[in-house]
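To start, the structure under review is shown below, and the notes come after it.
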Amino acid sequence: MNLITLYWLTPELIICSAGILSLLIGLMQGEIKKSLLCIVNQTAFLAVIIICYQYLAMLILGDMTAEIASNTLIIDSFSLVIKMVIATLSFVVFLYSRVYVESQSNNHGEYYSLAMFSILGMMILASATNFLSLYLGIELLSLPLYALVALNDRRKLAIEAGMKYFITGGLASSIMLFGISIIYAVNGDLSIVSANSEALSSSHTLPFTFGIVCLWVGIAFKLGAAPFHQWVPDVYHGAPLSLTMFISSLPKLAAFAIVYRIFSSSFIGMHSNVQTMIMVTAVLSITVGTLSALWQTNIKRLLAYSAIANIGYMLLAVFVGAYEQALFYLIVYAIAIIGVFGLILSLSSVNEREELKDLSGLAKSQPILGLTLMFLVLSMAGIPPFVGFYAKLMIFQSLLDGSHWFLVIFGLLMSVVGAFYYLKIIKIIYFEEQHSKAPPTTLYSCPSSRAMLVTNGLLALLLGLYPIPILNICSLIG
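FYI, in my numbering the residues of the sequence shown are 1 to 478.
Have a look at this one:
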């Protein structure tokens with residue numbers, strides 16, 4: 001590995017160093033380690049954002065890309081945009097999680113270290129152009145998450161969720177690896193973008209198709225898309241709130257990076273059955289996620305099924321090749337879901353608030369929090385003038401441009417049905433009497449967290465009125 005490679009891998013090296021340093025700081029005694037962990041990790045994210053921005057400017061002005069590590073990784077505008085978004089959202093997630101993590105566990109160093117290594121896996125996936133680097137990134141993303149889910153040994157649900165996540169995730173990774181081996185056997189190359197004419201010949205159609213299906217099973221699992229979604233509600237429910245917020249947002253962007261690399265410009269995307277496979281997965285995800293969420297009384301499980309449905313809408317954009325719209329939708333969804341979980345964290349003290357009834361009377365007891373939650377929920381429901389409406393509108397417009405009228409009608413109907421459980425949350429916080437009186441929370445009294453919560457809510461509204469900043473960011477991936 002030469003100096004040029006190390007130069008382009010600076011963001012990954014910073015995250016890796018922060019992960020190792022977090023583990024070492026965790027060995028320290030006293031309260032100072034909590035402050036040091038926060039400073040080290042938040043500084044690392046800010047450094048990654050600044051460096052990726054500089055790299056992006058260099059690549060755009062020079063109209064170039066950089067292939068490194070024996071052409072297994074690429075530094076282009078897409079990878080840098082994804083890394084910047086991941087680092088920005090990670091900064092917010094860690095900010096919300098700090099007080100909660102410190103109050104719930106003594107494994108502070110291990111928690112932050114594992115989270116940083118998982119983020120490192122996401123960044124590798126953003127640049128992967130080879131099946132080897134892609135699989136390395138997936139495992140580096142997933143393995144720390146398996147441990148993180150079960151890290152809080154005081155929660156039986158956490159241990160159970162961690163085991164389920166590990167077993168199902170291991171199975172999905174095995175199926176994906178099997179698919180990669182078949183594709184390699186047919187294509188004769190591990191590169192994602194290089195095409196061999198023999199791979200698309202009629203004599204290899206059946207094994208090649210089977211390899212793609214196996215590969216898609218693994219990708220759909222990482223996305224949490226139906227029918228490979230069974231782990232999602234259990235893991236969301238069993239994991240600590242801070243980790244649920246992490247899992248519900250950041251890995252989705254990494255999984256989108258996989259989808260983009262494999263299906264946007266590679267020979268796999270040329271296969272005749274790929275679009276049908278993506279469309280069926282999208283329709284199933286929207287249907288299962290929307291209908292299952294209607295009956296949920298637990299906040300985490302409701303948001304888990306909501307996540308499945310939202311992945312379905314993102315896949316509709318992928319189906320018609322609207323990758324900019326898909327990324328825009330994911331960013332908007334991440335802003336909303338992080339805000340919702342951050343708000344729930346702010347209401348939690350020693351015990352988590354996990355039931356919808358725990359939100360009753362919130363608008364009266366905490367008017368600012370109630371208004372913030374309403375903004376975020378309306379954005380997730382796709383109600384104008386919030387940014388979630390604009391995100392769905394862009395996807396439906398892309399479907400109309402491709403003359404997919406049935407999918408537009410289906411998406412609109414499911415959006416109307418899905419609005420029911422979102423509006424139910426607003427009904428509970430505004431029109432039901434307070435169910436329980438929880439003690440004042442440390443998080444909400446923290447000025448930085450309070451400011452971030454209000455900012456989250458305002459972004460849901462302001463970006464709906466003026467979405468140009470995020471649209472400009474998404475346009476860079478093209």
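Idealized CB from N, CA, C, for every residue including glycine.
Open item on the list: Which residues does DSSP list as the beta-bridge partners of Ile74?
Closed with: Glu67
Task: Residue range of the alpha helix (DSSP H) that includes Leu400 - done: 387-401
Task: N-terminal and C-terminal residue of the alpha helix (DSSP H) that Tyr260 is part of - done: 250-263
Open item on the list: Given this structure, state the Cα-to-Cα distance separating Leu393 from Leu400, to the nearest angstrom.
Closed with: 10 Å
Open item on the list: For a quick check, are the C-beta atoms of Ser306 and Gly289 less than 9 Å apart?
Closed with: yes
Open item on the list: What would DSSP say about Glu355, mapped onto helix, strand or coil?
Closed with: strand
TODO: Look at the alpha carbon of His108 and the alpha carbon of Ser398, and state the distance between them as a whole number of angstroms.
DONE: 45 Å
Task: Selection from Ile344, Thr205, Ser403 that minimises the alpha carbon distance to Ile182 - done: Thr205
Task: Cys52 beta carbon less than 9 Å from that of Ala87 - done: yes
Open item on the list: Rounded to whole angstroms, what is the Cα-Cα separation between Phe431 and Tyr422?
Closed with: 14 Å
Task: Length of the line joining the Cα atoms of Leu27 and Lys33 - done: 8 Å
Task: First and last residue of the uninterrupted alpha helix (DSSP H) at Tyr112 - done: 108-127
Task: Whole-angstrom distance between Leu471 and Leu459, CA atom to CA atom - done: 14 Å
Task: Rounded C-alpha distance that separates Gln29 from Ala225 - done: 43 Å
Open item on the list: Using 9 Å as the threshold, is the C-beta distance between Phe328 and Ala391 below it?
Closed with: yes
Open item on the list: Tell me which residues share the same chain as Ser127 and place their Cβ nearer than 7 Å to its Cβ, disregarding the 5 neighbours each side in the sequence.
Closed with: Leu73, Ile74, Ile75, Ser79
Task: Which of helix, strand or coil DSSP assigns to Pro439 - done: At Pro439 the pLDDT is 47, less than 50, meaning the model places this residue with poor confidence and gives no usable figure here.
Task: Per-residue burial, Lys300 [other beta carbons within 10 Å of its own, 16 or more giving buried] - done: buried
Open item on the list: Quick check on Lys364: buried or exposed, where buried means 16 or more other Cβ atoms within 10 Å of its Cβ?
Closed with: exposed
Task: Proximity of Tyr333 and Gly411 at Cβ, strictly below 9 Å - done: no
- [ ] Look at the Cβ atom of Gly370, then the Cβ atom of Ile429, and state whether they are nearer than 9 Å.
- [x] yes
TODO: With a 10 Å radius around its C-beta and 16 neighbouring C-beta atoms as the bar for buried, classify Gly238 as buried or exposed.
DONE: buried
TODO: In angstroms with no decimal places, state the Cα-to-Cα distance between Pro251 and Phe117.
DONE: 12 Å
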